[in-house]
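A quick write-up on the structure given underneath.
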Amino acid sequence: MHAVVKGITCDQFDLTSYLPSDPTCCTLTLRLRIGLSDAPGADDFECHVCTPMWLAQTVSDPTWGRHLMIVSEYDLAKIEGAIRRYVAACEGDNWGIIASKLARVFAWEFEDYVA
135 MHAVVKGITC DQFDLTSYLP SDPTCCTLTL RLRIGLSDAP GADDFECHVC
185 TPMWLAQTVS DPTWGRHLMI VSEYDLAKIE GAIRRYVAAC EGDNWGIIAS
235 KLARVFAWEF EDYVA
């Protein structure tokens, strides 16, 4: 079994038309719909994307960086490509194993969920 990206959106901007005023100093959060390649449906994951310049201008104290993708400049095609490559490499015997691999870099909606 392996995962596929079924959708990438952003709650802040329309990705089809978004261009930051400075591609080397920007940030956004992506919502990823990821599921099994041979099944309907998907789970939600999030990934915060930012540039080093944005970090330098906004972070002054020590901070954590989990679920963070750092890019030299905003280039949606490169960002999506990196996401799709990582997701395609996540394989396992069941969705739980795959989702735990995805959750290493993306914030999973069911992370730490206890039934």
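Per this note's numbering, numbering of the sequence shown is gapless, rising by one per residue and ending at 249. C-beta: ideal position from N, C-alpha, C; glycine also.
- With fewer than 16 other Cβ atoms from the protein chains shown falling within 10 Å of its own Cβ, Leu153 counts as exposed.
- Ranked by Cα distance from Lys140, the options Arg218, Gly199, Cys184 are led by Arg218.
- Excluding five sequence positions before and after Gln146, the CB atoms of its chain that fall closer than 6 Å to its own CB belong to Leu162, given in chain order.
- When the alpha-carbon of Val239 is set against those of Ser206, Gly199, Glu225, the nearest one is in Gly199.
- In terms of CA proximity to Met135, Gly230 leads the group Gly230, Tyr247, Glu245, Ala241.
- Membership of Arg167 in the beta strand (DSSP E) is indicated by the continuous run 161-170.
- Across the set Asp246, Val183, Ser171, Asn228, the C-alpha of Val183 shows the shortest separation from the C-alpha of Thr143.
- By a beta-carbon distance limit of 8 Å, Ala233 does not contact His201. Their separation comes to about 14 Å.
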